[in-house]
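Enquirer: Numbering (my numbering), first residue to last: 50 to 163.
We put the beta carbon where it would ideally sit given N, CA and C, even for glycine.
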Amino acid sequence: MGVILYNVLMTFFLVPLTIRAYLSLKKDKLPLPHFQNNVVVNRVKLRKAIGIWSPILFWAFHVGWLVFNWSIDAWIGVLATSAYMVSSAMLSSQIKAKQIGVIPERAASGNDAA
50 MGVILYNVLM TFFLVPLTIR AYLSLKKDKL PLPHFQNNVV VNRVKLRKAI
100 GIWSPILFWA FHVGWLVFNW SIDAWIGVLA TSAYMVSSAM LSSQIKAKQI
150 GVIPERAASG NDAA
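Next comes the structure, spelled out in structure tokens:
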């Protein structure tokens, strides 16, 4: 059941959202819509938090997922995973090219004027 759920999520949500975020960044359409912004911000925060392990874990998981889908003949999953890996690489290159960063959040204290 998890295979079907993740493949459906990837096919109808992650791949289109990643492609839309890439195209918006490429055309300098800022600020990004909510979900596209979340994709970019989470990617930047994850890269900042775990450094070089972020792309290593991403590629290791998705290559493993691709091989698993291939082994059970889940061809839609193979295509969706391949599309996600390509679109994710394109988005990462666009984030680096545009030098997108994240402004750290500051917790509000009781002394702050609203």
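In three-state terms, what does DSSP make of P65?
Expert: Helix at P65.
Enquirer: Just to confirm before moving on: does the CB-CB distance between V64 and A129 stay below 9 Å?
Expert: Taking 9 Å as the Cβ cut-off, V64 and A129 qualify as a contacting pair.
Enquirer: Can L140 and Y55 be called in contact, C-beta distance under 9 Å?
Expert: Not a contact, by the Cβ cut-off of 9 Å.
Enquirer: How many whole angstroms separate the CB atoms of V151 and V88, which I take to be in contact at a CB cut-off of 8 Å?
Expert: The Cβ separation is near 13 Å, so there is no contact.
Enquirer: Rank G51, K75, V52 by C-alpha distance to the C-alpha of A146 and give the top, closest one.
Expert: Ranking the options by Cα distance to A146, first place goes to K75.
Enquirer: Can you name, in chain order, every residue of its own chain whose Cβ lies under 7 Å from the Cβ of R96, other than the five neighbours on each side?
Expert: For R96, where only same-chain residues beyond five positions count, the Cβ hits under 7 Å are S103.
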